[in-house]
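Some notes on the structure that comes next.
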Amino acid sequence: MQNEIKKGCVIGSGVMGSGIAALIANSSHQVVLLDIADKNSDDPNKIVKNAIENLHKQKPPPLTFPNKAELITIGNLEHNLDLIKECDLVIEVIVEKLEIKHQLYNKIIPYLKKDAIIASNTSTLPLKRLKENLPENIKSRFVITHFFNPPRYMELLELIIDPIVKPEIIDRVSEFLTKTLGKTIVKCNDTPGFIANRVGCFLLELVARKAIAEKLDFVTIDKIFTSCLGLPSTGIFGLYDLIGHDVMKLISSSLLASLPSDDAYHKIYVNTPPLDKMIEQKLIGRKGGGGFYRLSVVNGKKTKEVINIGDLSYKPVGRTDISFTNFDELLASNSVYGKFFNEIITEFYLYLASLVPSVTDNIYDIDAAMKLGYSWKYGPFELLTSQAKNGWDLIVKNANSIPPYLANKEYQKIDKQKFNAHKDILKESKIVLENDSAKLVDYQDNLVFVITTKMNCLNHDVFYLLQESATKAEEQGKHLYIYIRKVIISQLGQI
Numbered sequence: 200m201q202n203e204i205k206k207g208c209v210i211g212s213g214v215m216g217s218g219i220a221a222l223i224a225n226s227s228h229q230v231v232l233l234d235i236a237d238k239n240s241d242d243p244n245k246i247v248k249n250a251i252e253n254l255h256k257q258k259p260p261p262l263t264f265p266n267k268a269e270l271i272t273i274g275n276l277e278h279n280l281d282l283i284k285e286c287d288l289v290i291e292v293i294v295e296k297l298e299i300k301h302q303l304y305n306k307i308i309p310y311l312k313k314d315a316i317i318a319s320n321t322s323t324l325p326l327k328r329l330k331e332n333l334p335e336n337i338k339s340r341f342v343i344t345h346f347f348n349p350p351r352y353m354e355l356l357e358l359i360i361d362p363i364v365k366p367e368i369i370d371r372v373s374e375f376l377t378k379t380l381g382k383t384i385v386k387c388n389d390t391p392g393f394i395a396n397r398v399g400c401f402l403l404e405l406v407a408r409k410a411i412a413e414k415l416d417f418v419t420i421d422k423i424f425t426s427c428l429g430l431p432s433t434g435i436f437g438l439y440d441l442i443g444h445d446v447m448k449l450i451s452s453s454l455l456a457s458l459p460s461d462d463a464y465h466k467i468y469v470n471t472p473p474l475d476k477m478i479e480q481k482l483i484g485r486k487g488g489g490g491f492y493r494l495s496v497v498n499g500k501k502t503k504e505v506i507n508i509g510d511l512s513y514k515p516v517g518r519t520d521i522s523f524t525n526f527d528e529l530l531a532s533n534s535v536y537g538k539f540f541n542e543i544i545t546e547f548y549l550y551l552a553s554l555v556p557s558v559t560d561n562i563y564d565i566d567a568a569m570k571l572g573y574s575w576k577y578g579p580f581e582l583l584t585s586q587a588k589n590g591w592d593l594i595v596k597n598a599n600s601i602p603p604y605l606a607n608k609e610y611q612k613i614d615k616q617k618f619n620a621h622k623d624i625l626k627e628s629k630i631v632l633e634n635d636s637a638k639l640v641d642y643q644d645n646l647v648f649v650i651t652t653k654m655n656c657l658n659h660d661v662f663y664l665l666q667e668s669a670t671k672a673e674e675q676g677k678h679l680y681i682y683i684r685k686v687i688i689s690q691l692g693q694i
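Going by the working numbering, the sequence shown opens with residue 200, and the numbers climb by one from there.
Structure (structure tokens):
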């Protein structure tokens, strides 16, 4: 592709900014990492240097190899703006305050290449507001690229564009994000919270506030979400703790300030004094003294505890048994938790349906956003249609009014992303070594070992070529990357 992105720049060296810089460096691309000058140190680059040091300490590691940090050039916004001149993509990852972002944009615009793309990693501010008062030639190449944390491991990338952005800009940044950084792009309309956080935070607030009001057991609710609905092991309350109660309050406050008064987020965000009291007492989750859960050391052993929301004391998490094993049984149950989930599911899916087409044009993007950004086993629409026999009928029955999307009963064609990393590696690379079961290819000056057997079966030829490939990589002083999807061990003889 002409004018491909070869060098990036990230402005803001916090956990997210440095993580994005590491992601770019992992792809063997040069990247500049800038932050404000440290006025309390003799070294103006101390803030960025500390960020680089933290990359080597974090678990899981943001860098694929420690020496990838050598591809990151550091600097500060007071003395090193010239470093931006060589960059094809500049990603802003600074504090979520519009005025400060505008000050930064005006400061860096004189240093941008004429075809450089500028992007913001904002998760709350609209693209329309970010572009206010910017020159037209900047607006046409300004987008939002919303990465999810940690950037190396989270596949989702929410891309927000508008009609002003030139098609070639969209193609260039999409090519880089997918083929170079390995992201799956979900295109979102320019609405508050985009897709994943709008949907995810709505569900978190809905469940948490309703469960507290009805004095239900958090452990039981989390177990139902993980075992019957396919949510990851954090469940609802564990994820609330992971994000942080203080951060959740900021996110929801930002959304509520931007959403119209008739949006259902206002309805479910009811006043819940125990949540406010938890924040007052610094019980804000994992980074505080605890949240809905905490880990305590009792007799030298770590013990997981759950909060008593009445007096904010804690007790050990005990064994929890539930009477249903799948979504259908849950929806059919007349138990306290069955009724609770019926109400939750109805409220949640009516809200999801109301987001089409304002937030996104199709339900597939909502499913993709939740699977890739929140690690759900199923997207919400996939869950209801594949895991519940009469899920939609139940929601329609329980609903007072039906969103137009459900009432129209229209079907849409699903256009899956065309990029296939496995096929593109084979198509765009040069074969170095090959046998009937595997190939060693040179892909963008990287040595990549690709298994070519049906269903990626492992056999003697695969391991023989792998050994030869390791030798070749050592001779050339290069890293050896192994591209693999699903592995089946061959049963024909010993391996």
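Note that CB positions come from ideal geometry on N, CA and C, so glycine has one too.
As a quick exercise: from 344, 353, 368, pick the residue whose alpha carbon is nearest that of residue 389.
For the purposes of this step, residue 389 is identified with residue 190 of the sequence shown, where counting begins at 1. The shortest Cα separation from residue 389 among 344, 353, 368 belongs to 344.
On the DSSP bridge list, what partners appear for residue 232?
The count along the sequence shown starts at 1 and reaches residue 232 at position 33. For residue 232, which the question treats as bridged, DSSP gives the partners 209, 273.
Taking the alpha-carbon of residue 473 as reference, which of 382, 414, 452, 394 has the nearest alpha-carbon?
On the sequence shown, residue 473 is found 274 positions in, with the first residue counted as 1. It is 414 whose Cα lies nearest to the Cα of residue 473.
Could you pull out every unbroken alpha helix (DSSP H) segment of at least 4 residues lying fully inside the region 456-487, listed in chain order?
463-467, 472-479
Nearest CA to the CA of residue 563: which residue from 259, 363, 580?
Here the question's residue 563 lines up with position 364 in the sequence shown. Per the Cα distances, 580.
If contacts are defined as beta-carbon pairs under 8 angstroms, then residue 233 and residue 275 qualify, I think. What distance do you get, rounded to the angstrom?
Residue mapping note: residue 233 aligns to position 34 of the sequence shown, counting from 1. Residue mapping note: residue 275 aligns to position 76 of the sequence shown, counting from 1. Yes, residue 233 and residue 275 are in contact; Cβ-Cβ is about 6 angstroms, under 8 angstroms.
Apart from the five residues just before and just after residue 476, which ones in its own chain have a Cβ nearer than 7 angstroms to its Cβ?
As a working mapping, residue 476 is identified with position 277 in the sequence shown. So the qualifying residues of the chain are 511.
Cβ-based neighbour list, residue 261, same chain, cut-off 6 angstroms, excluding 5 preceding and 5 following
What you label residue 261 is simply residue 62 of the sequence shown in a count that begins at 1. The answer, listed in chain order, is 218, 221, 254, 351.
Can you tell me which of 358, 633, 404, 380 puts its alpha carbon nearest to the alpha carbon of residue 387?
Stepping through the sequence shown from its first residue, residue 387 is reached at position 188. Nearest of 358, 633, 404, 380 to residue 387, Cα basis: 358.
Under 8 angstroms Cβ to Cβ from residue 334, same chain only, skipping five residues before and after it: list those, please.
On the sequence shown, position 135 is the one that residue 334 refers to. Counting only Cβ-Cβ distances below 8 angstroms, and skipping sequence neighbours, we find 308.
On the CB-based measure, 16 or more other CB atoms within 10 Å of its CB, does residue 340 come out buried or exposed?
Position 141 of the sequence shown, counted from the start, is the residue given in the question as residue 340. Buried, since its Cβ has 16 or more Cβ neighbours within 10 Å.
I need the boundaries of the alpha helix (DSSP H) containing residue 547, first residue and last residue.
Counted from its first residue, the sequence shown places residue 547 at position 348. 535-553 is the extent of the alpha helix (DSSP H) around residue 547.
Exposed or buried, what is residue 681 when buried is set at 16 or more other beta-carbons lying within 10 Å of its beta-carbon?
Within the sequence shown, numbered from 1, the residue matching residue 681 stands at position 482. Per the 10 Å Cβ criterion, exposed.
C-beta atoms of residue 598 and residue 551 nearer than 8 angstroms:
Here the question's residue 598 lines up with position 399 in the sequence shown. Here the question's residue 551 lines up with position 352 in the sequence shown. No, Cβ-Cβ distance for residue 598 and residue 551 is not below 8 angstroms.
Compare the beta carbon distance of residue 268 and residue 287 with 8 angstroms and say whether it is the shorter of the two.
Here residue 268 corresponds to residue number 69 of the sequence shown, with the count starting at 1. Here residue 287 corresponds to residue number 88 of the sequence shown, with the count starting at 1. Result no, Cβ atoms of residue 268 and residue 287 do not sit closer than 8 angstroms.
Closer than 7 angstroms: residue 477 CB and nearest the ligand FAD heavy atom:
Here there are no bound small molecules, and the ligand FAD is not part of this structure.
Distance CB(residue 382)-CB(residue 405) smaller than 8 angstroms:
For the purposes of this step, residue 382 is identified with residue 183 of the sequence shown, where counting begins at 1. For the purposes of this step, residue 405 is identified with residue 206 of the sequence shown, where counting begins at 1. Cβ distance not < 8 angstroms, so residue 382 and residue 405 don't count as in contact.
I'd like the list of long-range same chain contacts for residue 691, defined as Cβ closer than 6 angstroms, with 5 residues on each side in sequence excluded.
To locate residue 691, count along the sequence shown from 1; it is residue 492. Only weak support exists for where residue 691 lies, its pLDDT of 40 falling under 50; the value from the coordinates is given anyway. Result list for residue 691: empty, nothing under 6 angstroms.
Note down the Cα distance separating residue 635 from residue 652, rounded to an integer number of angstroms.
On the sequence shown, position 436 is the one that residue 635 refers to. On the sequence shown, position 453 is the one that residue 652 refers to. So the two alpha carbons sit approximately 8 angstroms from each other.
Pull up the CB-CB distance for residue 395 and residue 572, whole angstroms please, since I reckon it's below 8 angstroms.
Taking the sequence shown and counting its residues from 1, the one referred to as residue 395 is at position 196. Taking the sequence shown and counting its residues from 1, the one referred to as residue 572 is at position 373. Confirmed, about 4 angstroms.
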